[in-house]
Amino acid sequence: MASARTWPSREGFTADVLGTLISRSILDPWKVIPLFAFAQYTTKGQALLSSHPKLLKALRQLAALALLSRLSNWLTRRTLNNGFSDSYDWNKEVIVITGGSNGIGQRIANLLGEKDIKVAILDISPPDSLPNSTRFYQCDITSPSEIATAAQAIRSSFGRPTILINNAGVCTGKTILSSTPEQTRRTFDINTLSHYALAKEFLPDMVSANHGMVVTIASQAGYAVTPSMVDYSASKAAAIAFHEGLAAELVTRYSAPRVRTVLVTQGFTKTAFIKDLTPEDTWFNPLLQPESVAKAVVRQVLKGESGVVVLPGSAGWIATRLRGYPGWFQHLLRCRLEKLMRTE
1 MASARTWPSR EGFTADVLGT LISRSILDPW KVIPLFAFAQ YTTKGQALLS SHPKLLKALR
61 QLAALALLSR LSNWLTRRTL NNGFSDSYDW NKEVIVITGG SNGIGQRIAN LLGEKDIKVA
121 ILDISPPDSL PNSTRFYQCD ITSPSEIATA AQAIRSSFGR PTILINNAGV CTGKTILSST
181 PEQTRRTFDI NTLSHYALAK EFLPDMVSAN HGMVVTIASQ AGYAVTPSMV DYSASKAAAI
241 AFHEGLAAEL VTRYSAPRVR TVLVTQGFTK TAFIKDLTPE DTWFNPLLQP ESVAKAVVRQ
301 VLKGESGVVV LPGSAGWIAT RLRGYPGWFQ HLLRCRLEKL MRTE
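Numbering follows this note's numbering, in which position 83 of the sequence shown is assigned residue number 83; successive positions increment by one, without gaps.
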């Protein structure tokens with residue numbers, strides 16, 4: 001059931017909420033530049049500056065920072081989309097999502113189904129209910145033959161899939177020595193290797209049409225390794241590398257610059273895997289609600305653009321830059337992560 005709280009966020013008042021307020025106010029060029037012009041070029045503004053001489057300098061710096069931030073975001077958006085625009089007809093698009101019977105995947109499938117978008121769920125067990133435009137296909141995504149069988153059924157019912165959402169994931173929560181070889185292998189089979197098998201099945205049609213999207217739902221654990229989750233972290237780091245390599249190959253090898261790639265790196269989320277965990281840090285690293293992640297993913301998909309979705313943004317900002325920090329800081333942070341999320 002969805003969390004009742006939606007404001008300021010489902011997770012409460014966090015660093016992300018504060019960051020959003022700042023970006024939409026003092027770092028919004030459409031707000032700061034008019035204030036700067038008012039202070040610089042109007043009689044009332046100049047009178048105000050005479051009593052507050054440092055105000056103009058502050059406004060100038062804020063305006064420059066806001067413009068640079070917008071320019072950087074524009075360049076990133078344009079570069080990730082290879083300088084090409086593309087249109088999506090949501091009455092015709094067909095979305096395949098793995099692990100769509102529960103957790104984040106189920107919420108994503110339901111949100112898309114509410115918009116009458118054709119969605120095919122690949123999972124071992126069926127969901128409790130399905131929107132009218134959504135169908136379930138029983139499939140072990142670690143088996144290329146089962147993927148091929150499901151793909152044939154999807155094409156017969158819906159047509160050729162145009163969007164693939166690699167959502168399925170598992171986590172044992174065990175240390176390196178306490179996990180079995182079978183558990184470690186299964187973690188990589190589902191969290192990483194299935195992406196390759198699914199891409200081999202569905203990507204060729206996207207490449208030939210120069211239209212489509214591959215969404216990789218990884219984790220911030222792929223940037224910041226967490227004790228007792230080393231195999232999970234490693235599999236998600238490999239998933240991030242898969243996304244980055246695929247994005248480059250689409251342009252340099254397949255001549256399909258309009259095929260979009262989306263990377264999602266979320267923090268700890270209240271799913272069946274870790275539903276009992278209580279985060280010690282609820283300001284920078286709150287326990288996310290599945291609805292928050294699902295809505296962010298669907299919002300990016302419906303844009304029809306490549307991009308990176310990071311939740312929470314504050315913790316993600318640190319995680320994505322972790323390997324650039326001094327070694328002592330990296331090690332202390334990884335050790336700290338062991339205490340950050342506990343069931344006690």
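In this text, a Cβ means the ideal position worked out from N, Cα and C, and glycines have one as well.
If residue i and residue j are in contact, beta carbons under 8 Å, what's the gap, nearest whole angstrom?
i	j	result
Lys295	Leu111	7 Å
Ala120	Tyr137	6 Å
Ala239	Gly222	6 Å
Ile190	Thr142	6 Å
Pro126	Glu114	Between Glu114 and Pro126 the Cβ distance is about 19 Å, and since that is not below 8 Å, they are no contact.
Under a Cβ-count criterion, where at least 16 other Cβ atoms within 10 Å of its own Cβ denotes burial, should residue i be classed as buried or exposed?
i	result
Gln220	buried
Ser314	buried
Gln403	Only positions 1 to 344 of the chain appear in the structure, and residue 403 is not among them; the question remains open.
Glu355	Residue 355 lies beyond the stretch modelled for the chain, which goes from 1 to 344, so this question has no answer here.
Glu291	buried
Pro286	buried
Arg258	buried
Arg349	For the chain, the structure presents residues 1 to 344; residue 349 sits outside this window and is missing.
The alpha helix (DSSP H) that contains residue i, what's its start and end?
i	result
Val293	290-303
Leu48	43-51
Ala120	Here Ala120 belongs to no alpha helix (DSSP H); instead the beta strand (DSSP E) covers 118-123.
Ile147	144-157
Gln183	181-188
Quick one, which of the options has its alpha-carbon nearest residue i's?
i	options	result
Val96	Val214, Pro227, Arg321, Asp128	Val214
Ala153	Leu122, Leu322, Arg321, Leu55	Leu122
Tyr196	Pro312, His243, Cys335	His243
Met229	Cys171, Tyr223, Asn210, Thr252	Cys171
Met206	Leu55, Ile26, Phe329, Leu246	Leu246
Ile117	Ser129, Asp128, Arg135	Arg135
Trp74	Gly307, Leu302, Leu332	Gly307
Leu59	Leu27, Ala47, Asp86, Arg77	Leu27
Ala248	Ser235, Ala237, Lys236, Val262	Val262
Ala63	Ala168, Ser25, Gly105	Ser25
Ser179	Asp231, Gln46, Ala218, Ser208	Asp231
Thr175	Ala168, Asn167, Thr184	Thr184
Lys303	Lys339, Gly267, Ser129, Trp90	Trp90
Ser69	Asp140, Pro34, Pro29	Pro29
Asn166	Thr192, Gly327, Thr20	Thr192
Taking residue i as part of the beta strand (DSSP E), name the residues at either end of that continuous run.
i	result
Arg135	134-138
Ile108	Looking at the DSSP string, Ile108 is not in any beta strand (DSSP E); the run it does join, the alpha helix (DSSP H), is 103-114.
Met404	Residue 404 is absent from the model: the chain starts at 1 and stops at 344.
Asn166	163-166
Checklist entry - Between the segment 194-211 and the segment 155-169, do three or more beta carbon pairs fall short of 8 Å? => result yes
Item to check | Stretch-stretch touch, CB-based, cutoff 8 Å, three pairs: the segment 330-338 with the segment 91-107 | outcome: no
Checklist entry - Do the segment 36-50 and the segment 67-85 make contact, defined as three or more Cβ pairs closer than 8 Å? => result no
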